[in-house]
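With this note's numbering applied, the sequence shown covers 175 to 498.
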Amino acid sequence: MSDNKLKKIVIVGAGGNVGSSALKHLLDTNNFETTVLSREGSTTAFPSHAALTVKRGSYTDAAFISSVFSGQDAVLFAMNFMAMADQTKLIEAAAEAGVKWIFPTEYAGDGKNESMMSAVPMFQPKVAARKQVESLSEKYEGLKWVGIATNPWLEFSLQRGLFGFDIKGRKATIYTDSAPFNSTTLTQAGLGIARLFSLPINNSSNPRASLSHYANNFVYVSSCLISQTLLFASLQKATSTTKDDWQIEESTIEESIGTNREKMAKGDMRAGAMLTYAYYLGEGKGGNYEEKAKEDREVLGLEEGKLEEIVRSAVEELENGKVF
175 MSDNKLKKIV IVGAGGNVGS SALKHLLDTN NFETTVLSRE GSTTAFPSHA
225 ALTVKRGSYT DAAFISSVFS GQDAVLFAMN FMAMADQTKL IEAAAEAGVK
275 WIFPTEYAGD GKNESMMSAV PMFQPKVAAR KQVESLSEKY EGLKWVGIAT
325 NPWLEFSLQR GLFGFDIKGR KATIYTDSAP FNSTTLTQAG LGIARLFSLP
375 INNSSNPRAS LSHYANNFVY VSSCLISQTL LFASLQKATS TTKDDWQIEE
425 STIEESIGTN REKMAKGDMR AGAMLTYAYY LGEGKGGNYE EKAKEDREVL
475 GLEEGKLEEI VRSAVEELEN GKVF
């Protein structure tokens with residue numbers, strides 16, 4: 175750490191959706207010495223950059239992992255949901271190596287909304303990671319976590335039908351009890367991470383604009399406050415269609431929650447994702463954190479996204495076979 179700022183950082187999961195965007199924007203700043211931790215045998219290619227080091231090895235090799243984390247200021251985790259057991263071991267290794275700032279895999283809903291966290295199974299490993307860091311801080315003084323909330327990734331979710339729209343099939347499931355919710359593009363997520371890492375650790379003139387403000391707390395990144403109504407209107411413009419060109423089915427968020435809980439009990443993994451999205455879209459269920467996002471947008475210098483442009487680009491990518 176130097177000059178009251180993070181300098182040396184490790185990214186775990188830099189080949190994934192959020193991780194690759196974060197890596198790009200962190201390198202663009204030219205302010206960090208960045209190390210990517212990658213699994214032994216991984217063929218993922220990373221950018222060539224003077225400030226980037228790639229370390230490949232086994233996540234179970236304690237000496238190797240310790241050598242990667244030693245001397246680092248922060249570790250940014252951006253791991254797949256199925257890799258949370260590995261994250262648990264790596265968080266402990268980072269703490270043992272003296273890392274003080276842990277950014278666990280979040281990039282989802284408002285982790286401060288306890289009812290949302292307890293209701294959605296896919297959020298519970300995230301809660302566990304934060305509690306793990308807090309427990310480890312009793313042994314490793316100064317250890318902190320920072321949660322990065324993004325809510326659903328806008329273009330990613332739209333292209334995969336997770337907002338209720340099958341774009342290629344021109345089918346729409348409209349939830350009559352849905353409400354506005356925040357959503358973030360992967361570009362905005364990566365830029366937000368880079369801006370967060372660029373904050374001073376302490377800022378006496380403006381404590382709100384400091385990493386310390388976010389210690390054991392959340393930062394709220396968002397491109398737009400959207401709704402199914404706004405998305406459908408933007409989709410019609412992007413596809414040069416009208417409502418009559420779509421096969422529309424009506425449902426409710428409560429029906430979706432019940433149906434997907436039943437499917438999850440039978441081992442349907444996609445149902446877990448759909449249950450999560452029901453909580454994003456449902457009124458009063460935690461998907462709207464706009465007031466928090468406004469404050470953090472100002473701190474991080476992020477611009478609000480233009481929904482129609484984002485939707486148009488996502489549709490073009492889908493039609494051309496290029497999806498995130």
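Here a beta-carbon is modelled for each residue, glycine too, at the ideal position from N, C-alpha and C. Please read all numbers here as calculations on a predicted model, not as lab measurements.
In this structure, how does DSSP classify Gly321 when only helix, strand and coil are distinguished? Walking along the sequence shown from the start, residue 321 turns up at place 147. Of the three classes helix, strand and coil, the one that applies to Gly321 here is strand, per DSSP.
Length of the line joining the Cα atoms of Ser292 and Leu370: On the sequence shown, residue 292 is found 118 positions in, with the first residue counted as 1. On the sequence shown, residue 370 is found 196 positions in, with the first residue counted as 1. Approximately 27 Å between the Cα atoms of the pair.
For Thr218 and Leu365, I'd like the C-alpha separation in whole angstroms. Taking the first residue of the sequence shown as 1, we reach residue 218 at position 44. Taking the first residue of the sequence shown as 1, we reach residue 365 at position 191. Thr218 and Leu365: Cα-Cα distance of roughly 22 Å.
To the nearest angstrom, how far is it from the Cα of Thr433 to the Cα of Ala267? Stepping through the sequence shown from its first residue, residue 433 is reached at position 259. Stepping through the sequence shown from its first residue, residue 267 is reached at position 93. Distance between the alpha carbons of Thr433 and Ala267: 40 Å.
Give the single residue among Tyr233, Ala237, Leu201, Lys229 whose Cα lies nearest to the Cα of Pro221. Reading the sequence shown from its first residue, position 47 is the one you call residue 221. Ranking the options by Cα distance to Pro221, first place goes to Leu201.
When burial is assigned at 16 or more other CB atoms within 10 Å of the CB, is Arg471 buried or exposed? In the sequence shown, the residue the question calls residue 471 occupies position 297. Classification for Arg471: buried.
Give every residue of the same chain whose Cβ lies closer than 8 Å to the Cβ of Asp351, excluding the five residues on either side of it in the sequence, and list them in chain order. Locating residue 351 in the sequence shown gives position 177, where the first residue counts as 1. Closer than 8 Å at the Cβ level, and outside the excluded window around Asp351, lie Thr426, Ile427, Glu428, Gly456, Glu457.
Note the first and the last residue of the continuous alpha helix (DSSP H) segment covering Ser292. Taking the first residue of the sequence shown as position 1, residue 292 is located at position 118. Per DSSP, the unbroken alpha helix (DSSP H) holding Ser292 starts and ends at 288 to 293.
Once the 5 residues before and after Met258 are set aside, which same chain residues still bring their CB inside 6 Å of it? For the purposes of this step, residue 258 is taken as the residue at position 84 of the sequence shown. The answer, listed in chain order, is Pro299.
For Phe277, write down the residues that DSSP places opposite it in a beta bridge. On the sequence shown, position 103 is the one that residue 277 refers to. Within the DSSP bridge table, the entry for Phe277 names Leu250 as partners.
8 Å Cβ cutoff met for Trp319 and Pro278: Locating residue 319 in the sequence shown gives position 145, counting from the first residue. Locating residue 278 in the sequence shown gives position 104, counting from the first residue. One thing to note: Trp319 has its Cβ within 8 Å of the Cβ of Pro278.
Within the chosen definition, does the region 381 to 401 reach the region 486 to 494 through at least 3 CB pairs nearer than 8 Å? When Cβ pairs closer than 8 Å are counted between the two stretches, the region 381 to 401 is seen not to touch the region 486 to 494, the count staying below three.
Inside the region 300 to 371 only - alpha helix (DSSP H) runs reaching at least 4 residues: Segments of the alpha helix (DSSP H) lying fully in the region 300 to 371: 328 to 333, 360 to 371.
For Lys417, collect the residues of the same chain with a Cβ closer than 8 Å to its Cβ; drop the 5 residues on either side in sequence, then sort them by chain order. Reading the sequence shown from its first residue, position 243 is the one you call residue 417. A distance below 8 Å between beta-carbons, with the five flanking residues on each side excluded, links Lys417 to the following residues of its chain, in chain order: Phe406, Gln410.
Nearest to Val186 by CA position, among Ala439, Lys263, Tyr388, Glu312, is which residue? As a position in the sequence shown, residue 186 is number 12, starting the count at 1. Of the candidates Ala439, Lys263, Tyr388, Glu312, Lys263 places its Cα closest to the Cα of Val186.
Is there contact between the region 390 to 399 and the region 352 to 360, where contact requires at least three CB pairs shorter than 8 Å? Using a C-beta cut-off of 8 Å, the region 390 to 399 makes contact with the region 352 to 360, since at least three inter-stretch Cβ pairs fall below that distance.
Classification of Gln421 by the beta-carbon crowding that lies within 10 angstroms, buried from 16 upward: In the sequence shown, counting from the first residue as 1, residue 421 sits at position 247. Residue burial annotation: Gln421 is exposed, with fewer than 16 other C-beta atoms found within 10 angstroms of its C-beta.
Thinking just about the alpha-carbon of each residue, which of Pro354, Leu404, Val497, Lys440 is nearest to the one in Glu465? Against the sequence shown, residue 465 aligns to sequence position 291. It is Pro354.
Three-way DSSP call (helix, strand, coil) for Leu373 in this model: Within the sequence shown, residue 373 is the residue found at index 199, counting from 1. Here Leu373 sits in coil by DSSP.
Looking at Leu332: is its Cβ nearer than 8 Å to the Cβ of Ile276? As a working note, residue 332 is residue 158 in the sequence shown. As a working note, residue 276 is residue 102 in the sequence shown. In this structure, Ile276 does not lie closer than 8 Å to Leu332 by Cβ.
Measure the CB-CB distance between Ala271 and Phe243 and report whether it falls below 8 Å. Taking the first residue of the sequence shown as 1, we reach residue 271 at position 97. Taking the first residue of the sequence shown as 1, we reach residue 243 at position 69. For Ala271 and Phe243, yes; Cβs fall inside 8 Å.
What are the boundary residues of the alpha helix (DSSP H) that Tyr453 is part of? The residue labelled residue 453 in the question sits at position 279 within the sequence shown. Run containing Tyr453: 443 to 455, per the alpha helix (DSSP H) assignment.
From what residue to what residue does the beta strand (DSSP E) around Arg230 run? Sequence index remark: in the sequence shown, residue 230 carries index 56 (1-based). DSSP places Arg230 inside the beta strand (DSSP E), whose first and last residues are 226 to 231.
For my contact list, Asp284 and Ala323 are in at a C-beta cut-off of 8 Å; report their separation, rounded to the angstrom. The count along the sequence shown starts at 1 and reaches residue 284 at position 110. The count along the sequence shown starts at 1 and reaches residue 323 at position 149. At roughly 5 Å, the Cβ-Cβ gap stays under 8 Å, so Asp284 and Ala323 are in contact.
Under the three-state DSSP convention, the category Leu180 falls into: Taking the first residue of the sequence shown as 1, we reach residue 180 at position 6. It is coil, neither helix nor strand.
Tyr388 (DSSP reduced to helix, strand or coil): Here the question's residue 388 lines up with position 214 in the sequence shown. Taken through DSSP and simplified to helix, strand or coil, Tyr388 comes out as helix.
Name the DSSP beta bridge partners of Ile422, please? Position 248 of the sequence shown, counted from the start, is the residue given in the question as residue 422. For Ile422, which the question treats as bridged, DSSP gives the partners Ala346.
Rounded Cβ spacing between Gly446 and Tyr453 (contact assumed at less than 8 Å): The residue given as residue 446 occupies position 272 in the sequence shown. The residue given as residue 453 occupies position 279 in the sequence shown. Between Gly446 and Tyr453 a beta carbon distance of about 11 Å is seen, past the 8 Å cut, so the two are scored as non-contacting.
Let me know the secondary structure DSSP gives Thr234 once reduced to three states. Counting from one through the sequence shown, the residue named residue 234 turns up at place 60. Coil at Thr234, not helix or strand.
Taking Pro295 as the reference, give the member of Glu469, Glu491, Leu449 with the closest Cα. As a first step, residue 295 is located in the sequence shown; it is residue number 121 there, counting from the start. It is Leu449.
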